[in-house]
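What follows is a single structure, written as structure tokens, with notes after it.
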Amino acid sequence: MDANEFKEKLHKFFTLLPQKGIYEIFSRCKIIYAIPGHILFEFIVEEKDLDEENNFHNGCLATLFDNLMSSTAFGAGYVEGIKPVTSDLNITYLGTAKLGEKLMFDCKINKKGSRLAFFKGKVYKNKNHNEVIARATQTFAIIKLVIPSSKL
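Under the working numbering, the first residue of the sequence shown carries the number 42, and numbering increases by one thereafter.
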């Protein structure tokens with residue numbers, strides 16, 4: 042799969058997600074760079090993303106990491122016939138962001154196997170990648186969907 046096809050598939054996936062509830066946040070993620078196994082997303086912090094101290098809510102950050110890092114699996118061949126499930130998500134918070142700040146989510150797949158996939162990610166405050174506000178690692182369990190054969 043080439044970079045353009047990969048980016049197109051990824052964009053289609055995000056447009057198919059529900060546009061309300063927890064999934065609304067993904068409609069605000071802009072794909073900046075995408076090749077199989079490495080994706081860079083841009084995200085601008087809005088008022089609804091803030092905690093009571095007007096910082097970017099760590100729960101929002103965790104939700105974005107969980108879904109954006111695993112989206113690199115599109116390039117790893119995990120699309121049809123499987124159900125990927127997060128089995129481990131570890132986040133180190135190093136800073137925060139404020140209303141209107143532009144964040145860059147840099148997501149990569151480290152290793153893929155038939156049962157597990159391993160991801161890593163970083164969030165930067167700007168495109169120069171000089172202020173990391175969080176780092177994350179994620180393990181995905183790959184569950185193969187088996188469609189039972191008809192007994193007729």
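Where is the CB? At the ideal position from N, CA and C, for every residue including glycine.
*Rounded to whole angstroms, what's the CA-CA distance from T127 to Q179? Just pull it up for me.*
Position 86 of the sequence shown, counting from 1, holds the residue named residue 127. Position 138 of the sequence shown, counting from 1, holds the residue named residue 179. Near 7 Å, if we compare the C-alpha coordinates of Q179 and T127.
_Span separating the alpha-carbon of K136 from that of K163_ = What you label residue 136 is simply residue 95 of the sequence shown in a count that begins at 1. What you label residue 163 is simply residue 122 of the sequence shown in a count that begins at 1. Before going further, note that residue 136 is Gly rather than Lys in the sequence given. So the two alpha carbons sit approximately 12 Å from each other.
*Inter-residue Cα distance where the pair is E149 and I183*: Residue mapping note: residue 149 aligns to position 108 of the sequence shown, counting from 1. Residue mapping note: residue 183 aligns to position 142 of the sequence shown, counting from 1. The sequence given here has Lys at residue 149, not Glu. Their Cα atoms are separated by approximately 17 Å.
*DSSP on S190, reduced to helix/strand/coil?*
Taking the first residue of the sequence shown as position 1, residue 190 is located at position 149. S190 falls in the coil class under three-state DSSP.
*Beta-carbon proximity check, A175 vs T113, cutoff 8 Å*: Locating residue 175 in the sequence shown gives position 134, counting from the first residue. Locating residue 113 in the sequence shown gives position 72, counting from the first residue. No, they are not a contact pair.
*asked:* Mapping the DSSP letters down to three states, classify A138 as helix, strand or coil.
replied: Within the sequence shown, the letter at position 97 stands for residue 138. The answer is coil: DSSP assigns A138 none of H, G, I, E or B.
_Suppose only complete runs of 4+ residues qualify. What are the alpha helix (DSSP H) ranges in the region 60-128, listed by chain order?_
99-111
_Inter-residue Cα distance where the pair is L91 and N131_ = For the purposes of this step, residue 91 is taken as residue 50 along the sequence shown, with counting starting at 1. For the purposes of this step, residue 131 is taken as residue 90 along the sequence shown, with counting starting at 1. The alpha-carbon atoms of L91 and N131 are separated by roughly 21 Å.
*Alpha carbon to alpha carbon, how far is L51 from N95?*
In the sequence shown, the residue the question calls residue 51 occupies position 10. In the sequence shown, the residue the question calls residue 95 occupies position 54. Distance between the alpha carbons of L51 and N95: 31 Å.
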